[in-house]
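Residue numbers (our numbering): 483 to 793.
Beneath this line is the structure, given in structure tokens, with notes to follow.
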Amino acid sequence: MTDGNGESNGAAGPEGAESAGHSAAASESSTPEANESPPTAAPARPIGIVSDLHANAAALLAVQRDMRKRRIREVWCLGDLVGYGPHVSAVMSVILRNRSRWTHVAGNHDDYIVRVHRGEAEVDDLKASRNARAAIRRQMEMLDAEELERIVVFLEGLPKTAMPRDDVLLVHPKDASLPIYPGSDLVENHILGRQEHQAMRAYAEVPEGRLIVLRGHTHRPVCFIKGDDGWYDAGAEAGVIALDGRDAWINPGSVGESRVKGDPRAFYAVYDPGADTVEFVRLPYRAEAVGRECERVDIPVRPAWRTPVSA
Ligand SMILES: [Fe+2]
Numbered sequence: 483m484t485d486g487n488g489e490s491n492g493a494a495g496p497e498g499a500e501s502a503g504h505s506a507a508a509s510e511s512s513t514p515e516a517n518e519s520p521p522t523a524a525p526a527r528p529i530g531i532v533s534d535l536h537a538n539a540a541a542l543l544a545v546q547r548d549m550r551k552r553r554i555r556e557v558w559c560l561g562d563l564v565g566y567g568p569h570v571s572a573v574m575s576v577i578l579r580n581r582s583r584w585t586h587v588a589g590n591h592d593d594y595i596v597r598v599h600r601g602e603a604e605v606d607d608l609k610a611s612r613n614a615r616a617a618i619r620r621q622m623e624m625l626d627a628e629e630l631e632r633i634v635v636f637l638e639g640l641p642k643t644a645m646p647r648d649d650v651l652l653v654h655p656k657d658a659s660l661p662i663y664p665g666s667d668l669v670e671n672h673i674l675g676r677q678e679h680q681a682m683r684a685y686a687e688v689p690e691g692r693l694i695v696l697r698g699h700t701h702r703p704v705c706f707i708k709g710d711d712g713w714y715d716a717g718a719e720a721g722v723i724a725l726d727g728r729d730a731w732i733n734p735g736s737v738g739e740s741r742v743k744g745d746p747r748a749f750y751a752v753y754d755p756g757a758d759t760v761e762f763v764r765l766p767y768r769a770e771a772v773g774r775e776c777e778r779v780d781i782p783v784r785p786a787w788r789t790p791v792s793a
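This is the structure:
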């Protein structure tokens with residue numbers, strides 16, 4: 483697979499040159515009038531928000547292509563890189579290659595592989611479905627010892643939460659130590675979404691002030707915003723949503739294993755820090771081919787990978 487973020491750094495482009503030239507001219511002048519216009523800052527680049535890749539290289543490639551078109555270089559990733567899919571080596575190779583520009587938090591499937599490989603748990607003892615356990619077992623068998631060790635070293639270093647900006651908190655979450663309420667996987671439950679936002683702020687010790695919580699795990703996109711009259715569901719259909727400096731609770735959906743009924747596409751989101759907007763994106767890819775690959779390598783086929791892509 484290609485590195486989807488392989489473009490050159492825009493800092494050396496026209497915007498950077500213009501800014502540097504202006505600064506030099508201003509420093510040569512001693513008149514106040516000459517200093518009226520500040521150097522022009524380069525516009526903030528959009529940031530990709532991805533989650534639940536689940537070892538699906540075909541879906542990840544579709545997202546990488548879209549991110550490249552949008553000149554996205556920075557990515558926030560909400561966990562579950564492994565588990566379920568047939569392409570664990572290919573996906574982890576992309577992740578390791580891009581580690582300097584992606585901010586990660588750990589997902590529960592990432593944790594499964596770490597604990598089994600380190601001898602802290604048997605696959606059969608994991609609190610996961612039978613199909614999830616079967617996929618973890620096969621993925622570990624498909625990697626040679628050196629590659630598995632390299633992947634585990636990376637995965638075991640991932641934090642449970644991360645703050646790539648002062649007002650953005652990343653979390654997967656599916657961990658007994660995190661303050662998640664029972665049943666909160668149900669995205670329809672707006673009240674729990676609000677409670678989780680408050681609980682997560684306290685858990686991560688985020689001071690008062692604007693906070694966007696980005697979470698994964700449910701494989702379903704949501705966008706809750708705190709309006710003047712309380713929290714409301716802003717919808718997470720494909721399209722742009724203005725956040726306008728407000729608190730938000732956002733799940734981009736799953737790149738690799740959609741659980742949106744009848745829609746197996748690769749889901750991700752784009753945050754524009756300049757406009758303070760989030761865009762929900764859904765991309766077609768050959769999901770049925772991923773299902774066939776699962777059958778070939780003896781991994782249970784997820785429902786999304788039996789669903790033809792119609793859009
Ligand atoms: Fe997941």
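Even for Gly, the Cβ is constructed at its ideal location relative to N, Cα and C.
On a predicted model such as this, the values are computed, not experimentally measured, just so you know.
For residue j and residue i, believed in contact at Cβ under 8 Å, the rounded distance
i             : j             : result
valine 532    : valine 545    : 6 Å
valine 573    : leucine 542   : 6 Å
valine 562    : glycine 698   : The amino acid at residue 562 is misidentified as valine; the sequence shows aspartate. Right, their Cβ atoms sit about 6 Å apart.
arginine 555  : arginine 527  : 6 Å
alanine 686   : cysteine 705  : With a Cβ gap of about 20 Å, alanine 686 and cysteine 705 do not count as contacting.
leucine 637   : valine 596    : 5 Å
aspartate 548 : histidine 701 : Not quite, the Cβ-Cβ distance comes to about 19 Å (not below 8 Å), so this is no contact.
glutamate 761 : glycine 721   : 7 Å
Pairwise C-alpha distance: residue j and residue i
i              : j              : result
glycine 773    : glutamate 690  : 46 Å
arginine 778   : aspartate 726  : 48 Å
isoleucine 694 : arginine 632   : 32 Å
alanine 716    : isoleucine 732 : 10 Å
alanine 450    : glutamine 680  : No statement about residue 450 is possible, as the shown extent of the chain runs from 483 to 793 and does not include it.
valine 783     : threonine 789  : 11 Å
valine 653     : leucine 696    : 6 Å
arginine 692   : tyrosine 753   : 15 Å
tryptophan 713 : proline 746    : 29 Å
arginine 619   : proline 703    : 28 Å
arginine 552   : arginine 581   : 20 Å
From the options, residue whose alpha carbon lies closest to that of residue i
i              : options                           : result
alanine 751    : Arg583, Ala539, Lys708 and Leu560 : Leu560
leucine 651    : Arg683, Phe636 and Glu628         : Arg683
aspartate 780  : His679, Ala614, Val722 and Val573 : Ala614
histidine 599  : Asp626, Asp548, Pro568 and Glu678 : Asp626
aspartate 593  : Ala572, His536 and Leu543         : His536
threonine 470  : Glu623, Leu640 and Gly735         : A question about residue 470 goes unanswered here, because the residues of the chain that appear run from 483 up to 793.
isoleucine 723 : Tyr767, Pro755 and Arg555         : Pro755
glycine 530    : Ala720, Ile595, Pro734 and Ser611 : Pro734
alanine 769    : Val760, Ala757, Glu739 and Glu687 : Glu739
tryptophan 558 : Asn590, Asn538, Ala644 and Lys743 : Ala644
glycine 744    : Pro766, Val760 and Phe762         : Pro766
serine 736     : Ala730, Asp758 and Trp787         : Trp787
glycine 567    : Asn590, Ala539 and Val688         : Ala539
isoleucine 707 : Ala730, Gly721, Val688 and Asp649 : Ala730
aspartate 648  : Val635, Val688, Glu629 and Arg583 : Val688
arginine 728   : Asp758, Arg741 and Ala748         : Asp758
Boundaries of the beta strand (DSSP E) in which residue i is found, first to last residue
i             : result
arginine 764  : 759 to 765
valine 704    : 704 to 709
histidine 586 : 584 to 586
valine 635    : Element bounds for valine 635: not the beta strand (DSSP E) but the alpha helix (DSSP H), 627 to 638.
leucine 543   : Run containing leucine 543: none in the beta strand (DSSP E); it sits in the alpha helix (DSSP H), 539 to 551.
Extent of the continuous alpha helix (DSSP H) to which residue i belongs
i             : result
leucine 652   : No alpha helix (DSSP H) holds leucine 652; the beta strand (DSSP E) holding it covers 650 to 653.
aspartate 592 : 590 to 599
arginine 579  : 570 to 579
valine 772    : 769 to 778
glutamate 602 : Where glutamate 602 is concerned, there is no enclosing alpha helix (DSSP H), given that its DSSP letter is neither H nor E.
**Request:** Starting from the N-terminal end, write out each residue whose C-beta falls within a distance shorter than 5 Å of any non-hydrogen atom of ligand 1.
**Result:** The set of residues whose C-beta lies within less than 5 Å of a heavy atom of ligand 1 reads, in chain order, Asp534 and Asp562.
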